[in-house]
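Participant: Mind looking over this structure? Questions follow.
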Amino acid sequence: MRGGAVGASRRYLSTPHKTEPLDGETKSPARRFSIRKEITTLPNLLTMSRLVVTPYLGYLVASGEYKLGLAAFAYCSVTDWLDGFIARRWKMESFVGSLLDPLADKTLMTVLTVTLAMQGLLPLPLAGLILARDVGLVISAFYYRYRTLPPPFTLARFFDVRVASARVHPSLVNTALQLGLMGVSLVYPVLGIEPNAPLEALQLAVAVTTIWSGVGYMTAKNTVRSI
90 MRGGAVGASR
100 RYLSTPHKTE
110 PLDGETKSPA
120 RRFSIRKEIT
130 TLPNLLTMSR
140 LVVTPYLGYL
150 VASGEYKLGL
160 AAFAYCSVTD
170 WLDGFIARRW
180 KMESFVGSLL
190 DPLADKTLMT
200 VLTVTLAMQG
210 LLPLPLAGLI
220 LARDVGLVIS
230 AFYYRYRTLP
240 PPFTLARFFD
250 VRVASARVHP
260 SLVNTALQLG
270 LMGVSLVYPV
280 LGIEPNAPLE
290 ALQLAVAVTT
300 IWSGVGYMTA
310 KNTVRSI
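Numbering-wise (the working numbering), the sequence shown opens with residue 90 and increments by one.
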């Protein structure tokens, strides 16, 4: 709220849940409890479990334990779907969840891209393309966060997840294809299948959509949305 006698002494920034006091005011115990309550919802706990499992998944793949790696990947995939379903079905969406979920997805994708490439299960040029696109996505996210963060600008508020701004939304088609490729790349060695035309076609599709989505982040307005 700006202007008037109240605005002269106090300013607020609207967030998806309630207004947030600025100017160094002490956060209320109720607000701190609200953040803790958001973090401990079932969907967010499932998301955080993916963040815990992902490094172990990377270790399994790097060690050539593809069966266990595939099982860990299946867990991550199921919980990724399940946390979203529960959040929508029982109206448990939260601002914290909107940040944790893409973080878990990007961590999983990065770990799998690196470890599969290390094992020769993913072409190095494609792995480099995927990682370059994700680096560009992170840079874009920081840029749009900076551009749309309401004043005053401070580093503390820049990294405060409770202060709303805009964020970059990844391409669902490209994300689905990338995850599909990671899963298939793990299935092949488990079943003893040599790389073949269907796998190469999937790799090509991922390369094309990765480039397409990367260009979209720089040109398409619908990839940047308010939160």
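Ideal placement from N, C-alpha and C gives every residue a C-beta, glycine not left out.
Given the structure, does Asn133 come close to the ligand FMN, in the sense that its CB is under 8 Å from one of the ligand's heavy atoms?
Facilitator: As for the ligand FMN, it is missing from this structure, which has no ligand bound.
Participant: Within the chosen definition, does the segment 126-142 reach the segment 173-189 through at least 3 CB pairs nearer than 8 Å?
Facilitator: Taking 8 Å as the limit for Cβ pairs, the verdict is that the segment 173-189 does touch the segment 126-142.
Participant: Grouping DSSP H, G and I as helix and E and B as strand, with all else coil, what is Asp112?
Facilitator: Because the pLDDT at Asp112 is just 38, under 50, the model does not fix this residue reliably, and the value given afterwards should be weighed accordingly. In this structure, Asp112 counts as coil in the three-state DSSP scheme.
Participant: What span of residues does the alpha helix (DSSP H) with Lys195 cover, start to end?
Facilitator: Its alpha helix (DSSP H) spans residues 184-207.
Participant: Give the secondary structure of Gly96 by DSSP, where H, G and I count as helix, E and B as strand, and everything else as coil.
Facilitator: With a pLDDT of only 39 at Gly96, under the threshold of 50, the placement of this residue in the model should not be trusted, and no figure is reported.
Participant: Roughly how many whole angstroms lie between the Cα atoms of Met207 and Leu220?
Facilitator: Answer to the nearest angstrom: the Cα atoms are 14 Å apart.
Participant: DSSP three-state call for Gln267: helix, strand or coil?
Facilitator: In the structure shown, Gln267 sits in a helix (DSSP, three-state: H, G or I).
Participant: Just to confirm before moving on: does the CB-CB distance between Leu189 and Thr136 stay below 9 Å?
Facilitator: Yes, the Cβ-Cβ distance between Leu189 and Thr136 is below 9 Å.
Participant: Using 8 Å as the cut-off, can you tell me whether the segment 145-154 makes contact with the segment 195-210, which would need three or more C-beta pairs spanning the two stretches below that distance?
Facilitator: They touch, by the three-pair rule.
Participant: Would you mind working out which of Leu140, Asp169, Val279 sits nearest Val200, comparing C-alpha positions?
Facilitator: The residue with the shortest Cα to Cα distance from Val200 is Leu140.
Participant: Does DSSP put Leu261 in a helix, in a strand, or in coil?
Facilitator: Leu261: helix per DSSP, three-state reduction.
Participant: In terms of residue numbering, what span does the alpha helix (DSSP H) encompassing Val224 cover?
Facilitator: That run of the alpha helix (DSSP H) goes 213-237.
Participant: Based on Cα-Cα distance, which residue from Ala176, Thr204, Arg178, Asp169 lies nearest to Leu192?
Facilitator: Per the Cα distances, Asp169.
Participant: How do the segment 265-284 and the segment 241-252 stand: do at least 3 beta-carbon pairs fall below 8 Å, yes or no?
Facilitator: Short answer: they don't touch.
Participant: Mapping DSSP to helix, strand and coil, what is Ser274?
Facilitator: Correct three-state label for Ser274: helix.
Participant: Roughly how many angstroms lie between the CA atoms of Val262 and Trp301, to the nearest whole one?
Facilitator: Taking the straight line from one Cα to the other gives about 10 Å.
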